[in-house]
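With the working numbering applied, the sequence shown corresponds to residues 2 to 524, in that order. As structure tokens, the structure follows; a few thoughts come after it.
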Amino acid sequence: MKFNPEEWKKKAEKDFEEAWKSGKEVVEEVSLNEAYPRNVISIGKPHPVYEVIEKLRRAYLSLGFTEVINPLIVEDVHVKKQFGKEALAVLDRCFYLATLPRPNVGISEKQVERIREIIGDFDAEGLRKVFHLYKKGVFGGDELAYRISQVLNIDDSTALKILDEVFPEFKELKPVANNLTLRSHMTTGWFITLKQLIEKYPLPIKLFSIDRCFRREQGEDASRLYTYFSASCVYADEDVSVEDGKAIAQALLSSFGFERVKFKEDEKKSKYYIPGTQTEVYVYHPSRKEWIEVATFGIYSPIALANYEIDVPVLNLGMGVERLAMVIYGVEDVRKLVYPQIHDNLTLSDVEIASRIKLREVPKSKEGVKIAKAVIGTFEKHRDEMGPCEFLAYEGDFFGVHLKVYVLERENVKLCGPAAFNELVVYNGNIYGIPRTDKWSEYFENGVETGIRYVDAFSYLAAAKIEESLIRREDGEVRVRVVESPRDINVEIDEKLRNYVISRGGKIDVRGPAFLSARWEFG
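Structural data, given as structure tokens:
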């Protein structure tokens with residue numbers, strides 16, 4: 002909290018040691034639910050695919066390549082120009098785009114009468130003009146209801162009702178395909194880009210692009226997705242060779258720590274590459290214990306380049322980002338790598354589990370928190386006293402009312418039960434309520450402490466009950482005897498967390514004889 006520096010200077014001059022000890026007065030009392038690990042600053046986790054993309058970007062830039070964005074939507078004619086006789090096979094793997102045609106809407110007398118039934122008399126000619134402008138593409142479908150509402154002086158909901166009930170042709174629209182495709186290979190974009198640059202920039206031209214491609218696979222499985230990232234580059238110069246491709250591949254992969262890279266001539270021999278230049282690039286997959294292909298490079302055929310007026314050789318290298326990430330992260334199913342939230346099992350760390358374990362009831366006021374801490378301190382001080390016994394834990398003005406709070410035990414047993422000072426600890430995905438003894442030292446050493454003991458949870462419950470009874474100024478007492486579940490000791494483990502722990506074969510073992518009692522009186 003804010004404090005007066007001059008006052009603290011005077012305190013220090015008068016009695017430095019006493020002033021130093023009282024420094025804790027400027028620190029606010031914090032409720033246990035606001036303490037670590039519940040008060041934790043969560044750090045976001047990057048997606049592994051984008052982590053690899055960022056490293057590849059830095060690697061390309063360090064090699065002198067300039068980043069560009071290639072066209073994503075291209076006419077199928079480019080595929081035919083680039084791939085030649087292979088074009089039909091390539092187009093078979095392309096997603097063609099389709100759009101909904103805009104109907105030529107007429108307004109019949111029957112439709113006019115139906116609209117009048119809904120809104121009364123209206124400007125039929127104005128409505129016809131709206132449909133005409135829509136057909137011409139002056140505005141989009143997302144504006145149609147708004148335009149109708151304006152010309153007919155009605156609200157949007159009524160305009161939508163007219164479209165739905167009077168003009169069924171809008172509901173009967175079906176997509177119509179065109180000659181636009183989603184890019185299936187980054188090569189499709191490179192030819193378009195290079196055609197524009199080859200006469201304007203000096204050689205060599207070194208460009209890279211890391212972006213999505215789309216392929217119409219038979220289905221998605223452990224090794225194939227409909228969309229993937231290609232980390233692709235081109236190197237255009239009068240003299241380029243396969244050896245340049247090897248050097249670029251080696252440099253890129255060395256930035257990820259791959260020292261050994263293998264090259265093999267590709268048996269597929271795509272027609273847009275010069276024969277003998279198409280080369281596969283392999284790195285070693287440690288978990289599979291085998292060499293995995295992560296990239297392919299080659300030199301574009303002069304036949305394909307000639308169709309774009311490109312008059313120098315062009316080396317192209319394409320690297321599958323997901324394939325490389327699978328090797329780096331040791332993942333064998335690309336679906337789990339790309340869509341872990343869908344295809345992989347959720348995992349929570351012990352810290353994440355501990356951060357979600359809270360007290361069910363806590364005092365709402367700062368003074369209530371002080372009461373809870375006073376009760377805790379009294380239990381700690383007299384924990385081994387034999388009953389019957391009673392000890393004053395707190396006395397003071399509580400929002401204008403004099404309050405006394407006691408801890409007590411009426412039977413001939415210790416003030417605190419054997420499990421009163423058990424602590425909640427998360428260890429290997431399990432939640433335990435255990436004492437701090439040699440037997441459980443491993444759990445405390447390598448687990449995550451929640452900072453909640455049974456006595457703490459009980460004391461906060463007592464303080465919360467005292468606050469509730471203040472309005473009625475009713476004396477009261479609260480007791481917890483044998484703990485059989487977290488709720489018995491005022492601990493909240495929400496249902497989702499409980500289900501997570503149990504579904505993974507974990508334990509929630511919070512039990513034991515606590516035998517804690519407290520009472521209060523107003524007066």
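Just so it is clear, CB atoms sit at the ideal spot from N, CA and C, and this is done for glycine as well.
**Prompt:** Residue range of the alpha helix (DSSP H) that H133 falls in?
**Reply:** 125-137
**Request:** Return helix, strand or coil for S460, following the three-state DSSP convention.
**Result:** helix
**Prompt:** Relative to the alpha-carbon of D157, which residue among D143, K374, P169 has its alpha-carbon at the smallest distance?
**Reply:** D143
**Message:** What does the alpha-carbon distance come out to for the pair Y444 and E478?
**Reply:** 34 Å
**Pairwise C-alpha distance: N429 and E52** = 28 Å
**Request:** Would you check if there are 3 or more beta carbon pairs closer than 8 Å linking the stretch 357-373 to the stretch 482-499?
**Result:** yes
**Message:** For L325, which residues in the same chain have their Cβ closer than 7 Å to its Cβ, ignoring the five residues on either side in sequence?
**Reply:** V53, V295
**Message:** Based on DSSP bridge pairs, tell me the residues matched to C234.
**Reply:** F209, L318
**Asked** Which partner residues does K11 have in the DSSP bridge list?
**Response** In DSSP, K11 forms no bridge with anything.
**Message:** To the nearest angstrom, how far is the alpha carbon of I149 from that of K172?
**Reply:** 17 Å
**Prompt:** Roughly how many angstroms lie between the CA atoms of F66 and A237, to the nearest whole one?
**Reply:** 11 Å
**Between the CA atoms of Y202 and E333 - distance to the nearest angstrom** = 43 Å
**Request:** Using the Cα positions of P514 and Y407, report the straight-line distance between them to the nearest angstrom.
**Result:** 20 Å
**Message:** Suppose contacts are defined by Cβ-Cβ distances below 9 Å. Is F523 in contact with S470 by that definition?
**Reply:** yes
**Prompt:** By Cβ distance, which residues of its chain are closer than 7 Å to K162, with the 5 residues on each side in sequence left out?
**Reply:** I119
**Request:** Using the Cα positions of C214 and S255, report the straight-line distance between them to the nearest angstrom.
**Result:** 25 Å
**Item:** Cβ-heavy atom distance, R148 to the ligand COA, below 8 Å
**Value:** This structure does not include the ligand COA; it has no bound ligands of any sort.
**Prompt:** Tell me, which residues are paired with I300 by DSSP?
**Reply:** L316
**M387 (DSSP reduced to helix, strand or coil)** = strand
**Request:** Specify the secondary structure class of F168 as computed by DSSP and reduced to three states.
**Result:** coil
**Request:** Would you identify the three-state DSSP class for D156, choosing helix, strand or coil?
**Result:** coil
**Prompt:** Near K56, which residues of its chain fall below 8 Å by C-beta distance, leaving aside the five closest residues on each side in sequence?
**Reply:** S256, F257
**Asked** Under a three-way DSSP split, which group does N431 fall into?
**Response** strand
**Prompt:** Which residues share a DSSP beta bridge with R480?
**Reply:** S518
**Prompt:** Can E76 and K272 be called in contact, C-beta distance under 9 Å?
**Reply:** no
**Request:** Would you mind reading off the limits of the alpha helix (DSSP H) that contains L89?
**Result:** 88-92
**Prompt:** When we look at the beta-carbon of G45 and count the other beta-carbons within 10 Å, is it buried (16 or more) or exposed?
**Reply:** exposed
**Prompt:** From A60 to I199, what does the alpha carbon distance come to, in whole angstroms?
**Reply:** 24 Å
**Asked** With respect to the alpha helix (DSSP H) encompassing V352, which residues constitute its N-terminal and C-terminal limits?
**Response** 351-356
**Item:** Per-residue DSSP class, three states only, for H48
**Value:** coil
**Message:** Comparing C-alpha positions only, which one of V370, A252, L73, D385 sits nearest to Y395?
**Reply:** V370
**Prompt:** Do the CB positions of Y455 and L517 come within less than 9 Å of each other?
**Reply:** yes
**Prompt:** Looking at C-alpha atoms only, which residue of K247, K3, W21 is the closest neighbour of K10?
**Reply:** W21
**Prompt:** Of all the options D457, A519, K265, which has the alpha carbon lying nearest to the alpha carbon of I467?
**Reply:** A519
**Request:** Measuring alpha carbon to alpha carbon, tell me which of L318, L404, I293 ends up nearest Y285.
**Result:** I293
**Message:** Restricting to Cα atoms, I'd like to know which of N105, E260, A125, Y227 is closest to L174.
**Reply:** N105
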